[in-house]
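Position 24, counted from 1, in the sequence shown is what my numbering calls 354; the numbers after and before it change by one each time, with no gaps.
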Amino acid sequence: DIALPDVIQLVSVSGKTGVFTLSGDGADGKIFIKDGQITDAVAGKLGGEYAVYEMAGWHKGQFIFTAGIESERVTINKSNTSLMMEAARRLDEWRVLQRKIASMDLVPYFLPREQGQDQITLSPQEWAIVTKIDGQLSIAKLEDATGLPAFDVCKVLYGLVTSGLIALRSTEEKPVQAVAVAPSQRSLLALAENVRKLADESVGLSGSIAVEKQYRIARAEIEAGGAMNSVSSLVDRLARAISLLEGGDKAGEFLRKVTPLLS
């Protein structure tokens, strides 16, 4: 057996142009090479360098190299060496993650937390994953629901398991009764801050004052005891402001980015 990095190295030295068609771990993928340099890759829903990292982690499979075929797009600008080094780093990290996440079929669920214990601040990516956890979806289905690479999903879940926020069960185990817990004030403030950041990205410096004004209103409401509806109202106001400042397309883009945080 020849590992994918070794195969890529051989083709790099030869300066070949063509496509690797790979199959392994129940999936298929392609890596396009021009003059020995990787230019594009696809594996399932993943594209670019993340597709390369995904295929580098396949435990076994087959590949065929077809010379002379080029991709119509360039999604990878890193050197082959940089790609393979990052792939190796991720494989090492995967081994650490697997200490707590032995299978993609495991189902994450929330653990009950004592009042006042919630001191966790989540990033937008973490929010996108956390809001999809319902005690029924497996990790593999969370990957599909979020559209994020398996590595990123498992890395977030590993942190949540380590922090005691969630636990994992097999599909054979009896589902744990979900405990409905209203978001803490700290969590709502963190969510509002993430919404503000996404709005700032949409309007730039020219609209930052308008964004800040709406954010301060929402923050005051939350600090006065406001619930999740304070964040929802903030999103609505910011969407209208972005539409006026930058147009409907920008507002739509903002809503697409922020919706996973509120689901």
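Where a beta carbon is used, it is the ideal one built from N, C-alpha and C, also for glycine.
Nearest to residue 357 by C-alpha distance, out of 381, 584 and 413, is 381.
Per DSSP, the continuous beta strand (DSSP E) segment holding residue 353 begins and ends at 348-354. Counting the other CB atoms within 10 Å of its CB gives residue 517 a total of 16 or more, which places it among the buried residues. In its chain, beyond the 5 residues on either side, 362, 401, 403, 404, 405 and 406 have a beta carbon closer than 7 Å to the beta carbon of residue 370. The alpha-carbon separation between residue 411 and residue 399 amounts to approximately 22 Å.
A residue is called buried once 16 or more other Cβ atoms fall within 10 Å of its Cβ, and residue 524 is buried on that count. Residue 411: not part of any beta strand (DSSP E); member of the alpha helix (DSSP H) spanning 410-427, first to last residue. Here the alpha carbon of residue 391 sits roughly 45 Å from the alpha carbon of residue 522. Scanning 492, 395, 452 and 486 for the CA closest to the CA of residue 347 turns up 395. If the five residues before and after residue 372 are omitted, its C-beta is found closer than 8 Å to the C-beta atoms of 359, 360 and 381, all from its own chain and listed in chain order. Residue environment analysis places residue 590 among the buried positions, since at least 16 neighbouring C-beta atoms fall within 10 angstroms of its C-beta. One thing to note: residue 491 has its Cβ no nearer than 7 Å to the Cβ of residue 468. Listed as beta-bridge partners of residue 372 by DSSP are 360 and 377. Contact annotation: the region 536-552 does not touch the region 578-585, with fewer than three C-beta pairs closer than 8 Å.
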